[in-house]
Amino acid sequence: MGYPITSQGITTYLNSLTCGNGKAKFYSCLRALSRWLYHNGYIPENVIEKVSPPKTQKKLLPAVNQEQLEILLNHCHCERDKALINLLWYSGIRISEAVNIKASDFNWEEGTVIVLGKGNRYRKCLAGNGLVRQWFSEHDSFEVTKGGAQTILKRLKAESSIQCNAHSFRRGFCVYQVKSGLSTRVVQALGGWENITMVERYPKTFDFDNALELYRKVNGGQNFSK
1011 MGYPITSQGI TTYLNSLTCG NGKAKFYSCL RALSRWLYHN GYIPENVIEK
1061 VSPPKTQKKL LPAVNQEQLE ILLNHCHCER DKALINLLWY SGIRISEAVN
1111 IKASDFNWEE GTVIVLGKGN RYRKCLAGNG LVRQWFSEHD SFEVTKGGAQ
1161 TILKRLKAES SIQCNAHSFR RGFCVYQVKS GLSTRVVQAL GGWENITMVE
1211 RYPKTFDFDN ALELYRKVNG GQNFSK
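Count the sequence shown with the working numbering and you get residues 1011 to 1236, in order.
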């Protein structure tokens, strides 16, 4: 079945496609064709101008959740690896920040750690949990480079089949904190994001059931059946 080179014909053709975000590529090709046909006198008007471009869905990037974190811990080969991924997930810091941390950077009374972040600026972050404290009570650092830490994550991904790169822990921290009830502004401050747009984009899996659960938590477990 052919489609006429008209606004309606192009719209009908695009709607018939089942390639999701791939529609945008077809639209781009048709736009170039329409312009060429119009400028060379084959059609009386540039018909693509009356056709709205297809909407594309942004791909949700992997974010390690709490259940996946436990699985990854079970695949760790040593206490250092366990402490590292715990710090990444519970603090939301970048892997480049984590590998440069020294034991003296922690304030365990406050539960924080000072890291050197982007732009050579120091900032305060959450210190993680007991596994992190136990490791740094006996070691001055993680004793691994950024490349070495990335190799650890690649191995964990291969052994667990869980998507876990450097930023999937940072996203996981963001999603977990938002779903736990913290505002995006608070999460932004805790994780050191300069742009709140990133914080707002990560928890896209936050649906009505998540919202209802949080609502009940904030309102003391209100039961509407009574």
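The C-beta atom is built at its ideal place from N, Cα and C for all residues, glycine as well. Quantities reported herein were computed from a predicted structural model and do not represent experimental measurements.
* How should tyrosine 1052 be labelled, buried or exposed, when 16 other C-beta atoms within 10 angstroms of its C-beta is the threshold for buried? -> In the sequence shown, the residue the question calls residue 1052 occupies position 42. It is exposed - the Cβ of tyrosine 1052 has fewer than 16 other Cβ atoms within 10 Å.
* To do: Have a look at serine 1247 and histidine 1085 and give me their C-alpha separation to the nearest angstrom.
  => Examination of residue 1247 is not possible in this model, given that the chain is present from 1011 through 1236 alone.
* CA-to-CA distance, phenylalanine 1116 to isoleucine 1124, given in whole angstroms -> Counted from its first residue, the sequence shown places residue 1124 at position 114. Counted from its first residue, the sequence shown places residue 1116 at position 106. Note on geometry: alpha-carbon atoms of isoleucine 1124 and phenylalanine 1116 lie some 7 Å from one another.
* To do: Go ahead and pull the three-state DSSP assignment for lysine 1134.
  => Walking along the sequence shown from the start, residue 1134 turns up at place 124. Three-state result, lysine 1134: strand.
* Contact set for phenylalanine 1146: own chain, Cβ-Cβ below 7 Å, skip 5 residues either direction -> Here residue 1146 refers to the residue found at position 136 when the sequence shown is read from its first residue. Setting aside the 5 residues that flank it on each side, phenylalanine 1146 is surrounded in the same chain by Ala1113 and Phe1116, each with a C-beta closer than 7 Å to its C-beta; the list follows chain order.
* Asked: Just how far apart, CA to CA, sit threonine 1194 and serine 1044?
  -> Here residue 1194 is taken as the residue at index 184 of the sequence shown, counted from 1. Here residue 1044 is taken as the residue at index 34 of the sequence shown, counted from 1. About 44 Å.
* **Per-residue DSSP class, three states only, for valine 1281** => No answer is possible for residue 1281: it lies beyond the span of the chain, which begins at 1011 and ends at 1236.
* To do: Tell whether a beta-carbon distance below 9 Å holds between alanine 1093 and glutamine 1144.
  => Taking the first residue of the sequence shown as 1, we reach residue 1093 at position 83. Taking the first residue of the sequence shown as 1, we reach residue 1144 at position 134. Cβ distance < 9 Å, so alanine 1093 and glutamine 1144 count as in contact.
* To do: Tell me whether the beta-carbon of valine 1209 lies closer than 9 Å to the beta-carbon of cysteine 1184.
  => By 1-based counting over the sequence shown, the position of residue 1209 is 199. By 1-based counting over the sequence shown, the position of residue 1184 is 174. Cβ distance < 9 Å, so valine 1209 and cysteine 1184 count as in contact.
* Relative to the alpha-carbon of tyrosine 1212, which residue among Ser1178, Leu1136, Gly1191 and Gly1158 has its alpha-carbon at the smallest distance? -> The residue you call residue 1212 lines up with position 202 of the sequence shown. Among Ser1178, Leu1136, Gly1191 and Gly1158, the Cα nearest to that of tyrosine 1212 belongs to Ser1178.
* Asked: Taking glutamine 1173 as the reference, which of Asn1056, Cys1039, Ser1151 and Glu1077 has the closest Cα?
  -> Reading the sequence shown from its first residue, position 163 is the one you call residue 1173. Selected option, being the one with the closest Cα: Glu1077.
* Tell me, to the nearest whole angstrom, how far the beta carbon of asparagine 1096 is from that of glycine 1138; I am working on the premise that it is less than 8 Å. => Walking along the sequence shown from the start, residue 1096 turns up at place 86. Walking along the sequence shown from the start, residue 1138 turns up at place 128. Correct: roughly 5 Å between the Cβ atoms.
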